[in-house]
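The sequence shown begins at 1 in my numbering and counts up by one.
Okay, structure first, notes after.
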Amino acid sequence: MLDGDATLSEKWQALTPLARNEWICWTISAKQDATRTKRRARLHQEVLEGKKRPCCWPGCPHRRESARKWVDA
């Protein structure tokens, strides 16, 4: 994804490691392949637009004790 788009790669590298992790976790946390594909497309578009984190997402579940059941399942 990043190899084919120099602008996206530059903006991705400008994000903090935590922000990059949020995008990655949000993308891979989808259960269905179709949803992951949509999220990758949204990541591409929104990072190019300058967004730092996925909107309307509470954060990586592995960071919250109450959400570990979703990660460990």
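Yeah, the Cβ is synthetic: ideal placement off N, Cα and C, and Gly gets one too.
Segment limits, alpha helix (DSSP H) that includes residue i
i   : result
S9  : A6 to A14
W57 : Per DSSP, W57 belongs to no alpha helix (DSSP H) and is neither H nor E.
L18 : P17 to I28
K38 : D33 to L48
Min CB distance residue i to chain C below 8 Å
i   : result
C55 : No chain C is present in this structure, which holds just one protein chain.
Reference residue i, options the options, closest by Cα
i   : options          : result
Q13 : R39, V47 and D33 : V47
L2  : A41, T35 and K31 : A41
CB-CB length for residue i against residue j, believed under 8 Å
i   : j   : result
W23 : L43 : 5 Å
Margin query: Measuring CB atoms only, is the region 43-54 touching the region 15-29, in the sense that at least three cross pairs come out at less than 8 Å?
Written below: Yes, the region 43-54 is in contact with the region 15-29.
Next item on the list: Check whether the region 27-38 touches the region 5-15, taking contact to mean three or more Cβ pairs, one atom from each stretch, closer than 8 Å.
Entry: With fewer than three CB-CB distances shorter than 8 Å, the region 27-38 does not count as touching the region 5-15.
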